[in-house]
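The sequence shown lines up with residues -29 to -1, 1 to 675 when you count with mature numbering (1 follows the signal peptide of the UniProt record, and there is no 0).
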Amino acid sequence: MIRKATLLAALSAALLAPLVAVTPGSAAAKQPNAAVTAQRQGYAVTISSITPEAPRNLTDEIKITGTVRNDSGADAAGLQVRLRYSNQKFTDRAAMTAYQNDQSTTTLPENVSTRNSFMNLPPLAAGGTAQWTITATPVQLGLREFGVYKIAVDVAQYSVPQAAQRTFLTYAPATPQKLPRNKIAIALPVIDQPHRSTDDGAFVDDKLSQALTGRGRLADLARIAQSAPATVTWVFDPALLDDVNAMSKGYSVRTKDGKEEKKPASAEAGQWLTTMRSALAASPVVATPYADPDVAALAHQGLDTQTGRAIELGGQTARTLLNPNVKTNINWPADGVLDPDALDLLSVSDVDTVLLNSTNLPPQQTLTTTPDAAATLDSVNGPVTALVADAELSRLFEPGGGTSTLLSTQRFIAETAMIAAEPGQTLPRSLVVAPSRRWNPSPTLVTALIKTAGKLPWLQPVKLETIKPGKASVPRAGLTYTEQDRKEELSRKYLDPVKDTWAKSQLTSLIMEQKTQSRFDAAVLRLTSSAWRNSTRAGRSVAGAVEKAVDDRLAEIKITGSSRTLAGSNGVVPISVKNELSDSIQLYIEVKSDNPELLTVNFAQTEPLLIPGGQSGTVQVQMIAAPDTSGDATVTVQLKTADGQPYGKPQRLTIHTTGYTGIALVIVGAALTVMLAAVVTRLLRRRSQRKLARSAKNRESETV
C-alpha cells in the first residue's frame, strides 16, 4: 500500500509539473520567457473539412476535422483542440470581413463548447502532426435562425490559446421566410500576354509552352473548363488562341543572341485547343478585342481606329479557332476600369455591355447592403449596360495565402447567404463574379466554388449576358477614373511609335490590287496590349521587331535607278517601279521638279499603275528644259496610294538635259537656209542645162 501510494504521488507530481510551470498566475508564467513566446507561435491548426457545409436542421451533426502541427522545436504536452463559436449572427458583410482579418487569438469567439467539441491530444513531438475531429449540433451551438455565425478552432496548451483558424458557419433551416434567389453570373478569363512580334511564326519567348503543360496556368484553365457548367461565361483573348494555334503547327523562338531556335509542332498546344473547343461548345464565350488592348490609353492617345479593328479581328479569330458563336459585344477592360472616352470608343464598335471593377462604378450613396450588379451608362452611341463584379466573391476564386479550398468555400457560402438575408431586400438581385484577368487559378478551388454556387438554394447561376438592369438596380455615381488609373495606362511615349508603325502598315494593304486588311494588323495590335502596362521594355522590344518588318515590306516596292536623260529640250522620261512582292499592286506616281527654273514637269496620272508580282511598271513623264540651258536638274518622285497617302520615302532622280541653246538654234537654222539655197541653185542649173541641150539637138535636126 505504501509503495502504491508513493508511486501514485510520484505520477501525480510528474503529471502536474508541466501544468504548474505554465499555469496563468504562477511565478513561471508571470516571468517573460522567450521560449514560451516562441512556443506559442510554433503551432499550426488547420481545418480540413466541415460537413455539412451549411446545416439545415437543429439536430444535424456538424463534423469538423483537421490537423495540428508542432513547429515549436520542442516536444509538447497538454495540447487540446477546441471549437470556439458565437450564437450571435453577423449583422453585415463588413463585420464578416473584420472578423476574418483579425487573426489574434485574444479576440476569438468567447464560447468554448464542451462535450464532443473539443479534443485532448497526446504528447506531440517536435515537427509532429496530429489529426483531430470535433462534433457539434446547431442546438448545442445555440443557433436558432438563418444566418452566418462565427466559428473557430484553436489549439490550446493547458487552456492557453496557441494558434487558431477562423471560418464561418451558415445555418440554413427551411424557415417560412422565403429568401430571394439571387442570380449569380461567373465570368472566367483566359487572357495572357502576346508571345509573338510578327506573324512569321517566331516567338519572343517560350513561356506559353510551359503554361500549356503539367500544372501550367492555361492547362489548369482547361481542367476547369472540362467540368464547368454551361452557365459559366468564358472571356478569351483571341491573340492567345492565335499564338497557341501557331505553336501547334511548328514554331521558332528567338534566343538572346538574336538567333531563332526551331521547335517542332506542339502536340500540347493542339490538344489544348481541342479540349477548349469541346468543353465550351455549349458555353457562352466572349472575345476581348484582339490582344486585349489598353482601350483607355488608345482613346487618350489618339489611336481611335485600333479598338474597332481589334474587336473585328478578335471576333474573327475566336470564331475560327474556338467557337462560331463567340460574342464581341461584351468588353472587360484592363483592370476592370474605364472612363467616358474609352466607353465611347467601345460603344461605337457595337459594345453594349462592359464588365467593371466595383471601384470604377460605385453606388451614388453609401449602402449597408449589396447593390445589384447591373446599371446603365450613357455613351455617345446610346445606353450601355455596366455589370459590376462583387469584389469579395471574385477574390474568393483566386488562391490566397493561408486560404484553403474549404475556407474559401465556407466564406463563399456565408457571403452569398448574408447577401440573401440583408434587410429590406425583397427583390432578387444580380451578382457577378470576375477574378483578376490574368489570374493563376486553382482547379480544385474554382471547381468547388462553381459547384457550391449551383446547389445553394439562395443562388441561381445564370449566363453573364442575361443580366440586365432591373427594378433592383441602384443609382450609380458614374465612372470613377482616378489619376492613378491614368498613370497605369500605356504612355504617350510608348504609343507614339506604335501609332507611326500602324500608319505605315496600313499602306501595305492600300496598294494591293485585291483589297484586304493589312497583314500587320495583328502584329501591331499586339503592341497595344494592356499586358505591356507593367512591362514596357519588353513591349518596346517587340515593337522594334514589328516596325522593322513593316519597313522591310515597304521597301519591296521601289523606284529603280537614280538618274534619267532628257533628249532634247522637250520630251518624255521613263520612270520605272519594281514590285518584288508576289501579288499585284497598283499605285500612283507623283513627280515634282526640284529646279523649276531649269526643268518643268508636265505629268498627271489619271489611272493607277498596275504592276504584277515580281515585275516592273513604267510611266512616261513629260519634261521640258528651260531655253538656253543644259546640264543636270533633279526631280522628286513619290509613290502614292489611291487616296493620296505617300507610300515609302520620296526618291530624288537626276535628269541629264541635252536641249539646244538659242544661239545653237540660229546657227542650225542658218545652215539649213544655206543648204536649201544650194539645193535650189543646183536644181535651177540642171534645168537650164537640160534646156540648152534640147535646143542644140533641135538645131542639128533642122540642119539635116
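C-beta: ideal position from N, C-alpha, C; glycine also.
Bridge-paired residues (DSSP) for residue i
i           : result
P617        : K611
residue 677 : Within the shown structure, residues of the chain are numbered from -29 to 675, placing residue 677 beyond reach of any answer.
L420        : L420 is not bridged to any residue.
S20         : T36
H627        : T536 and D603
S594        : Before going further, note that residue 594 is Met rather than Ser in the sequence given. Paired residue(s): G542 and V572.
N41         : Y14
Y465        : Note: Y465 sits in no beta bridge, so no partner.
N82         : Y56
residue 732 : Lying before the first or after the last residue shown, residue 732 is absent from the chain, which here runs from -29 to 675.
P432        : I155
S480        : S480 pairs with nothing; no bridge assigned.
S401        : K154
L580        : L558
residue 757 : No statement about residue 757 is possible, as the shown extent of the chain runs from -29 to 675 and does not include it.
Q71         : In the DSSP output, where bridge partners are listed per residue, Q71 has none listed.
S500        : P264
T589        : S547
R457        : According to DSSP, R457 bridges with nothing at all.
Cβ distance (whole Å) where residue i is taken to contact residue j below 8 Å
i    : j    : result
A156 : L435 : 4 Å
G585 : N550 : 7 Å
R55  : V83  : 6 Å
V215 : L244 : 6 Å
S198 : S219 : With a Cβ gap of about 24 Å, S198 and S219 do not count as contacting.
L326 : A360 : 7 Å
P414 : I195 : 5 Å
Exposure of residue i, with buried meaning 16 or more beta-carbon neighbours within 10 Å
i           : result
K442        : exposed
T380        : buried
R167        : buried
R447        : buried
L496        : buried
residue 697 : A query on residue 697 cannot be resolved here, the shown segment of the chain reaching from -29 to 675 and no further.
N573        : exposed
G619        : buried
K60         : buried
P545        : exposed
residue 726 : Given that the chain is displayed from residue -29 to residue 675, the structure contains no residue 726 and the question cannot be resolved.
N91         : exposed
A267        : buried
R508        : exposed
L367        : buried
S(-4)       : Residue placement at S(-4) is poorly supported in this model, since its pLDDT is 33, which falls under 50; the coordinates are not used for a value here.
N302        : buried
V637        : Residue placement at V637 is poorly supported in this model, since its pLDDT is 48, which falls under 50; the coordinates are not used for a value here.
A6          : Summary for A6: the model assigns pLDDT 32, below 50, so the residue's position carries little reliability, and this model does not support an answer.
V639        : Note that V639 scores a pLDDT of 46, beneath 50, so its modelled location is shaky and nothing firm can be said.
D46         : exposed
E81         : exposed
residue 677 : Here the chain has residues from -29 to 675 only, and residue 677 is not among them.
R186        : exposed
G37         : buried
E24         : buried
Q578        : Checking the sequence, you will find Glu at residue 578 rather than Gln. Answer is exposed; the Cβ neighbour count stays below 16.
G602        : exposed
P304        : buried
G532        : exposed
G98         : exposed
beta-carbon residue i near the ligand COA non-hydrogen atom, thresh 6 Å
i    : result
L189 : What this structure holds is no ligand at all, so the ligand COA is not there to describe.
- Query: What beta strand (DSSP E) runs, 3 residues minimum, are completely inside the stretch 89 to 134?
  - Reply: The stretch 89 to 134 contains, as complete beta strand (DSSP E) runs of 3+ residues, the segments 89 to 91, 100 to 107 and 118 to 128 (chain order).
- Decide yes or no for the touch test of the stretch 108 to 122 against the stretch 131 to 149: beta carbon pairs closer than 8 Å, at least 3 of them. The stretch 108 to 122 is in contact with the stretch 131 to 149.
- Could I get the ranges of all uninterrupted alpha helix (DSSP H) runs contained in the stretch 523 to 577, with 4 residues as the minimum, in chain order? Within the stretch 523 to 577, no alpha helix (DSSP H) run of at least 4 residues lies entirely inside it.
- Residue ranges of each alpha helix (DSSP H) run of no fewer than 4 residues wholly in the stretch 305 to 378, ordered along the chain? Counting only runs that start and end inside the stretch 305 to 378, the alpha helix (DSSP H) elements of at least 4 residues fall at 311 to 318 and 362 to 367.
- Please confirm if the stretch 168 to 179 is in contact with the stretch 413 to 428, defined as three or more CB-CB distances below 8 Å between the two stretches. The stretch 168 to 179 is not in contact with the stretch 413 to 428.
- Message: Can you confirm whether the stretch 291 to 300 touches the stretch 205 to 219 when touching is taken to mean that 3 or more C-beta pairs between the two stretches lie within less than 8 Å?
- Response: They touch, by the three-pair rule.
- Query: When the Cβ atoms of the stretch 277 to 287 are set against those of the stretch 512 to 521, are three or more pairs found closer than 8 Å?
  - Reply: These segments do not touch.
- Item | Length at least 3, wholly inside the stretch 139 to 197: the beta strand (DSSP E) runs in chain order | For the beta strand (DSSP E) assignment, the uninterrupted runs of no fewer than 3 residues enclosed by the stretch 139 to 197 are, from N- to C-terminal side, 153 to 161.
- Ignoring anything shorter than 4 residues or poking outside the stretch 203 to 288, list the alpha helix (DSSP H) runs there in chain order. Those alpha helix (DSSP H) runs which fall completely within the stretch 203 to 288 and span 4+ residues are 209 to 218, 238 to 250 and 266 to 271.
- Message: Assess contact between the stretch 335 to 354 and the stretch 479 to 496, defined as three or more Cβ pairs (one per stretch) separated by less than 8 Å. Is contact present?
- Response: At 8 Å Cβ cutoff, the stretches do not touch.
- Touch check for the stretch 229 to 241 and the stretch 527 to 537: three-plus C-beta pairs under 8 Å? With the rule of 3 Cβ pairs closer than 8 Å, the stretch 229 to 241 does not count as touching the stretch 527 to 537.
- Query: Any chance the stretch 596 to 609 sits against the stretch 515 to 522, with 3 or more Cβ pairs inside 8 Å?
  - Reply: As far as the Cβ criterion goes, the stretch 596 to 609 does not touch the stretch 515 to 522, which means the pair count is below three.
- Please determine if the stretch 376 to 396 and the stretch 347 to 359 are in contact, where contact requires at least 3 C-beta pairs separated by less than 8 Å. No: fewer than three Cβ pairs fall under 8 Å.
- Query: Hey, is the stretch 398 to 411 in contact with the stretch 308 to 325, meaning 3+ C-beta pairs nearer than 8 Å?
  - Reply: No, because fewer than three Cβ pairs between the stretch 398 to 411 and the stretch 308 to 325 fall closer than 8 Å, the two stretches do not touch.
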